[in-house]
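Under numbering that gives the first Met the number 0, the first residue of the sequence shown carries the number 0, and numbering increases by one thereafter. Take a look at the structure set out below.
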Amino acid sequence: MLNVRVSPKGQITIPKDIRRKLNIKSGDQMAVILDGDQIVFKPFTKTLRDLRGSVKVRGRQDFEKIRAEVLARRAARDAGDEG
């Protein structure tokens, strides 16, 4: 276990050994999770670009049509018509 000090602005420094092991670089984003009385930091390891192609689809997709359908369903839901 390593100890770190919280700055007056609420900042902490992640020890160098941990940053190296998890490949955390300056500017990386971290998820901060409250787990009971503990704080858990998790580095974001994937971006949307990394996930590209992970969902298999058949044929060409008409994204304008899909977007219009989603917007229509959302409008119906918001209006109270679940139809």
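For glycine and all other residues, C-beta sits at the position ideal for the given N, C-alpha and C.
Residue i to residue j span [Cα, whole Å]
{"i": "ARG4", "j": "SER25", "result": "19 Å"}
{"i": "ARG72", "j": "LEU1", "result": "51 Å"}
{"i": "ILE38", "j": "ILE13", "result": "13 Å"}
{"i": "ARG76", "j": "GLU63", "result": "20 Å"}
{"i": "SER53", "j": "LEU47", "result": "10 Å"}
{"i": "ASP27", "j": "VAL69", "result": "32 Å"}
{"i": "ASP78", "j": "ASP49", "result": "A small fix is needed here, since residue 78 is Ala in this sequence, not Asp. If I take the Cα positions, the gap works out to 36 Å."}
Proximity below 8 Å, CB of residue i to CB of residue j
{"i": "PRO42", "j": "ILE11", "result": "no"}
Subject >> Residue ranges of each beta strand (DSSP E) within the stretch 8-52, 3 or longer >> reply: Complete beta strand (DSSP E) runs here, min 3: 29-34 and 37-42.
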